[in-house]
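**Student:** As they're listed, the protein sequences go chains A and B. Once you know that position 9 of the first sequence is 8 in numbering that gives the first Met the number 0, the rest is easy, because the numbers rise by one and skip nothing. Once you know that position 83 of the second sequence is 82 in numbering that gives the first Met the number 0, the rest is easy, because the numbers rise by one and skip nothing. Quick reminder that beta carbons are idealized off the backbone N, C-alpha and C, glycines included. Because the structure is a prediction, the values reported are computed rather than measured. Shown below is the structure under consideration.
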Amino acid sequence: MERNEILKQVNEVFNDVMDNDSIVLNDLTSANDVEEWDSLAHIHLVVAIERHFKIRFGSKEIQSWENVGEMLDCIVGKVK
Amino acid sequence: MQSQLENIVERISSRNILHGKKLRNNLKKFDEDYFSRAEIFLNKYQSLLLSEDKTIEYAIDCYLQFLADVNFESIQFLRTGEYSSKSFEEVNRRVYSDPEVMEYYLHALLLRQFLLPQNYNILLFFNKTLHQNNERIHSYLEVGGGHGLFVSEAKSIIGKKAKFDLVDISQSAINIAKKMITDENISFILSDVTAYKPTLKYDFITMGEVLEHVENPVNLLQHLHSILNNDGKLFLTTITNAPAIDHIFLFRNADEIREVISSAGFAIEDELCIYSEDMPVERAEKYQISMMYAGVLIKKN
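So, in structure tokens, the structure goes:
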């Protein structure tokens, strides 16, 4: 799957979890840019992305992302 | 001037940005009374830390370790739909019998007490219940009163006319409760509550956030039923969908809690249900958001 397609699908998951259709992600988007992105939302986001792409993240991966780009790098490495 | 609570939130935020956002949003929901209560509680807590040669930074370390545990358990819960611990023996080995884990766990629970808005609403509900029943209370029992907040509130409302007992399974929790409760006229009893057989029955029993820690909540409530006077009341709090390293019994919604209450021979006189997040009920249910439940229970006829 192309990285752009993954970003598009991750954006849809974000919009659903945050209940906000106006969120538009790019590689540099971080929690500072999305008001609803807090510790609880992050956990729901992780599990929703896992379900959507049928992948599993490790504990260290979940804590290491500084922005959406790093999250995407991790997903790209897992999606066949 | 910045309050102690705001100061603690800022320190946590500097070390965990995502959780800091959540706590800062929580602070916006608190009123003057809340900050005033938090200040009194945190002053007591600071004295406790001082008596153990510890600082608030130590407490924040404990809280962040606790948070990492909860986040890990939450992800497992959302993946599997189950709590990771299934038996008391397992939790006892993992938490209660490990002094190192108990140490950070209890400090984290103390610090957390005034970081969650739902805890305050439950405390106000408890306060209202005690005022409504004050005249009839001559004996008071608290089950698992680690932070000492409920029993201190009860003591200030009921006063000296009642006998106060506190029973807890953990010596570490009792040690902390003794330091957090300045009033000396309280008997502390180290015991598994189901093995506790008092000679007199109680007019009022408080059991906060214990039910989710046992394998069979009906059995525990039936025991409390047996040590409560016929016209006595039980103030119960518990929680749904709240994974933690020592939670065993999973309540998925308020109806499952009500079913357990009824099976143990209690009727609900009054209750309060508060989701931990401000969101429509449908979304809260979809995302299995935890809900604090508080009930005032009486014996069924």
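1) Compare the beta carbon distance of B/A37 and B/F113 with 7 angstroms and say whether it is the shorter of the two.
2) At a cut-off of 6 angstroms, is B/L210 close to the ligand SAH when judged by its beta-carbon and the heavy atoms of the ligand?
3) Per DSSP, B/L140 is paired with what?
4) With a cut-off of 7 angstroms, does the C-beta of B/S13 fall near any C-beta of chain A?
5) When the Cβ atoms of the segment 103–119 of chain B are set against those of the segment 184–204 of chain B, are three or more pairs found closer than 8 angstroms?
6) Starting from the Cα of A/E4, find the closest Cα among A/H51, A/E60, A/W64, A/N66 and give me that residue.
7) Shortest alpha-carbon distance to B/N6 belongs to which of B/D32, B/L41, B/A153, B/L17?
8) So the candidates are B/K43, B/V217, B/F34; which of them puts its Cα closest to the Cα of B/S151?
9) Would you call the segment 229–244 of chain B and the segment 284–295 of chain B in contact, with 3 or more CB pairs under 8 angstroms?
10) Which value, in whole angstroms, describes the spacing of the CA atoms of B/D245 and B/A153?
11) Among the candidates B/S171, B/N228, B/D182, B/S225, whose CA atom is the shortest distance from the CA of B/S190?
12) So B/V90 packs on B/I247, CB below 8 angstroms; how close in whole Å?
13) Closer than 7 angstroms by C-beta to A/N14: which residues in its own chain qualify, once you throw out the five before and the five after it? Chain order, please.
14) Going by DSSP, name the residue or residues bridged to B/V100.
15) With 16 as the cutoff for other CB atoms within 10 Å, does B/Q117 come out buried or exposed?
16) Answer with yes or no whether the minimum CB distance from B/I55 to chain A is below 7 angstroms.
17) In the segment 145–190 of chain B, which residue ranges form an unbroken beta strand (DSSP E) of at least 3 residues, counting only runs that do not cross its ends?
18) Under 8 angstroms Cβ to Cβ from B/E208, same chain only, skipping five residues before and after it: list those, please.
19) Assuming B/I156 and B/L129 form a contact by the criterion Cβ under 8 angstroms, report the distance between their Cβ atoms to the nearest whole angstrom.
20) Do you know how far the Cα of B/L271 is from the Cα of A/H43?
21) Going by DSSP, what residues sit across from B/I297 in a beta bridge?
22) Please state the DSSP three-state secondary structure of B/I273.
23) For the alpha helix (DSSP H) containing B/P116, list its first residue and its last residue.
24) My assumption, with CB atoms under 8 angstroms, is that B/F65 sits in contact with B/Y139. Please give the rounded CB distance.
25) Compute the Euclidean distance between the alpha carbons of B/Y201 and A/E65, then round it to the nearest angstrom.
26) Determine, using beta carbons only, whether B/I204 comes closer than 7 angstroms to chain A.
27) Would B/P242 be called buried (16 or more neighbouring beta carbons within 10 Å of its own) or exposed?
28) Kindly indicate which three-state DSSP category A/T28 falls into: helix, strand or coil?
29) Can you round the beta-carbon distance between B/L219 and B/I188 to whole angstroms, since I take them to be within the 8 angstroms contact cut?
30) Which of the three DSSP states is assigned to B/T79 in this structure?
31) Does any CB atom of chain B fall closer than 7 angstroms to the CB of A/S38?
32) Hey, out of B/P216, B/I16, B/E211, whose CA is closest to A/D37's CA?
33) According to DSSP, which residues form a beta bridge with B/M291?
34) Beta-carbon within less than 8 angstroms of B/R23's beta-carbon, same chain only, minus the 5 sequence neighbours each way: which residues are those?
35) Could you spell out the range, first to last residue, of the alpha helix (DSSP H) harbouring A/A40?
**Tutor:** Taking the coordinates as given:
1) yes
2) This structure simply doesn't include the ligand SAH, nor any ligand for that matter.
3) B/D164, B/I204
4) no
5) no
6) A/H51
7) B/L41
8) B/K43
9) yes
10) 27 angstroms
11) B/S171
12) 6 angstroms
13) D20, I22
14) Note: B/V100 sits in no beta bridge, so no partner.
15) buried
16) no
17) 162–167, 186–189
18) G143, T236, T237, I238
19) 5 angstroms
20) 26 angstroms
21) B/K232, B/A266
22) strand
23) 116–132
24) Not quite, the Cβ-Cβ distance comes to about 29 angstroms (not below 8 angstroms), so this is no contact.
25) 54 angstroms
26) no
27) buried
28) coil
29) Their Cβ separation, rounded to whole angstroms, is 16 angstroms, which puts B/L219 and B/I188 out of contact at 8 angstroms.
30) helix
31) yes
32) B/I16
33) B/I238, B/I273
34) V8, S12
35) 38–52
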